[in-house]
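Enquirer: Sequential numbering of the sequence shown, starting at 143, is according to the working numbering. Backbone N, C-alpha and C fix where the C-beta goes; we use that ideal spot for every residue, glycine too.
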Amino acid sequence: MAHVNRLHNARVLVFGGTSGIGFGVANLCISAGAHVIISGSKQPKVDAKVQELKSFYPSLPSEQEVQGFAADLGDTSNLEANIKSVFEKATQGGKKKLDHVVNSAGDVFKLPTLENVSAETALSGFNMRWLSGVFIGKLVAGGTYMHVSDSSSVTLTSGTNSDKPGVGFFVGASMGSAIESLGRSLAVELKPIRANVVSPGAVQTPLLDAVFSQAGDKMKEEYKTKGSLLGTFGTPYDTAEAYGWLMKDHFVTGIIAKTDGGRMLV
Numbered sequence: 143m144a145h146v147n148r149l150h151n152a153r154v155l156v157f158g159g160t161s162g163i164g165f166g167v168a169n170l171c172i173s174a175g176a177h178v179i180i181s182g183s184k185q186p187k188v189d190a191k192v193q194e195l196k197s198f199y200p201s202l203p204s205e206q207e208v209q210g211f212a213a214d215l216g217d218t219s220n221l222e223a224n225i226k227s228v229f230e231k232a233t234q235g236g237k238k239k240l241d242h243v244v245n246s247a248g249d250v251f252k253l254p255t256l257e258n259v260s261a262e263t264a265l266s267g268f269n270m271r272w273l274s275g276v277f278i279g280k281l282v283a284g285g286t287y288m289h290v291s292d293s294s295s296v297t298l299t300s301g302t303n304s305d306k307p308g309v310g311f312f313v314g315a316s317m318g319s320a321i322e323s324l325g326r327s328l329a330v331e332l333k334p335i336r337a338n339v340v341s342p343g344a345v346q347t348p349l350l351d352a353v354f355s356q357a358g359d360k361m362k363e364e365y366k367t368k369g370s371l372l373g374t375f376g377t378p379y380d381t382a383e384a385y386g387w388l389m390k391d392h393f394v395t396g397i398i399a400k401t402d403g404g405r406m407l408v
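1) Report the three-state DSSP secondary structure of F198 (helix, strand or coil).
2) Spell out a yes or no on whether the region 368-384 and the region 345-354 are touching, meaning 3 or more CB-CB pairs, one atom from each, closer than 8 Å.
3) Straight-line CA distance for V244 to V408?
4) With DSSP as the reference, please indicate the residues paired to N245 in a beta bridge.
5) Among V146, P334 and I278, whose alpha-carbon lies nearest the alpha-carbon of A247?
6) Would N318 and N303 be called neighbours here (beta carbons separated by less than 8 Å)?
7) Can you list, in chain order, the residues of its chain with a C-beta nearer than 8 Å to that of K366? Leave out the 5 residues immediately preceding and following it.
8) Per DSSP, H177 forms a beta bridge with which residues?
9) Within 8 Å, do at least three Cβ pairs link the region 278-293 to the region 194-205?
10) What residue does the beta strand (DSSP E) around N338 start on, and which one ends it?
11) Alpha carbons only, please: which of S183, I172, H289 and V296 is nearest the one belonging to S201?
12) For Q206 and N147, I'd like the C-alpha separation in whole angstroms.
13) Which whole-angstrom value is the C-beta distance of F211 and Y287, which I expect to be below 8 Å?
14) Looking at the structure shown, is M143 part of a helix, part of a strand, or coil, going by DSSP?
15) Given that a residue counts as buried once 16 or more other Cβ atoms are within 10 Å of its Cβ, and exposed if not, what is T297?
16) Tell me, please, whether the CB atom of G275 is closer than 8 Å to any CB atom in chain C?
17) Taking 8 Å as the threshold (C-beta atoms), are H289 and K333 in contact?
18) What first and last residue would you give for the beta strand (DSSP E) that runs through F312?
19) Drop a sphere of 10 angstroms on the beta-carbon of H145, count the other beta-carbons inside from all chains shown, and report buried for 16 or more, exposed for fewer.
20) If we count Cβ pairs, one from each stretch, closer than 8 Å, do we get three or more for the region 393-401 versus the region 320-330?
21) Over what stretch of residues does the alpha helix (DSSP H) that includes T347 continue unbroken?
22) To test your reading of the DSSP string, which unbroken beta strand (DSSP E) runs of 3 or more residues are found completely within the region 362-397?
23) Taking Cβ to Cβ, would you say L221 is nearer than 8 Å to L273?
24) Considering just the uninterrupted stretch of the beta strand (DSSP E) at S295, what are its terminal residues?
25) Just to check my reading of the structure: S295 and I335 have Cβ atoms closer than 8 Å, yes? What is that Cβ distance to the nearest angstrom?
26) Cβ of A168 within 8 Å of Cβ of A152?
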């Protein structure tokens with residue numbers, strides 16, 4: 143039989159889809175013929191990024207949907223409601239169910255040292271990265287917004303610091319480990335819907351620039367030249383391919399997929 147493009151006509155929701163890795167994932171999915179919904183914290187930026195994505199494909203079929211809805215994932219008290227609002231809009235109240243949800247949302251969290259860490263700095267970033275994944279799983283369960291099938295998937299995002307922490311990155315490493323545990327747990331809880339985690343190495347994104355602005359240029363250069371076998375940073379377009387694989391392979395669930403330039407071997 144002919145090979146099937148499994149993303150063609152799929153409905154894909156990408157949290158964190160306005161920049162970096164999430165934007166790369168949205169771009170990949172559109173190129174494969176998927177209907178794509180992106181979400182970010184501010185509607186004007188979401189709207190601008192939707193138009194940017196469309197501009198990449200001047201011959202985009204009129205029936206192929208590319209849209210976006212804002213949700214503030216940093217608002218802890220309203221986090222579940224904000225995520226649910228996006229699910230409601232993206233599926234028209236459950237009438238157009240999703241096939242895949244990707245969460246690559248992230249903010250610039252503080253990098254405390256062990257000497258000056260506090261409860262606030264230790265927990266900064268957990269809501270947007272970990273707790274958002276919990277509520278995504280909750281809203282996917284039951285089938286109101288997603289097809290209950292092994293062709294459907296949820297993909298979270300951690301980072302290679304969870305396996306190989308760098309000095310000063312213990313907060314990020316801890317978050318990554320929590321997200322990876324959550325991903326495996328969701329694979330068990332949501333079956334037959336699949337759940338996986340992508341663990342990227344250092345990928346050239348605005349978020350990476352913001353993190354290294356705290357750590358300093360010297361550490362950034364060390365990560366670039368010595369932090370992988372390839373001696374460079376990855377790109378969102380490289381990393382997006384890992385998400386594409388996890389969406390398309392209906393026999394993969396509960397795994398951590400690394401795309402890190404061989405960092406574990408350095």
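Expert: Let's see:
1) coil
2) yes
3) 29 Å
4) F157
5) I278
6) According to the sequence shown, residue 318 is Gly rather than Asn. Going by C-beta atoms, G318 is nearer than 8 Å to N303.
7) A344, G373, T374 and F375
8) BP columns for H177 point to R153.
9) no
10) If you look at N338, you'll find it in the beta strand (DSSP E) that goes R336 to P342.
11) I172
12) 15 Å
13) Actually they do not touch by this definition, with Cβ atoms about 13 Å apart.
14) coil
15) buried
16) Checking the listed chains, one finds no chain C in this structure; it contains a single protein chain.
17) Against a cut-off of 8 Å, the Cβ pair of H289 and K333 comes out as no contact.
18) Segment F312 to L332 is the alpha helix (DSSP H) holding F312; no beta strand (DSSP E) there.
19) Note on H145: under 16 other CB atoms within 10 angstroms of its CB, so exposed under the neighbour-count rule.
20) yes
21) Looking at the DSSP string, T347 is not in any alpha helix (DSSP H), and its letter there is neither H nor E.
22) none
23) yes
24) S295 to T299
25) 7 Å
26) Going by C-beta atoms, A168 is not nearer than 8 Å to A152.
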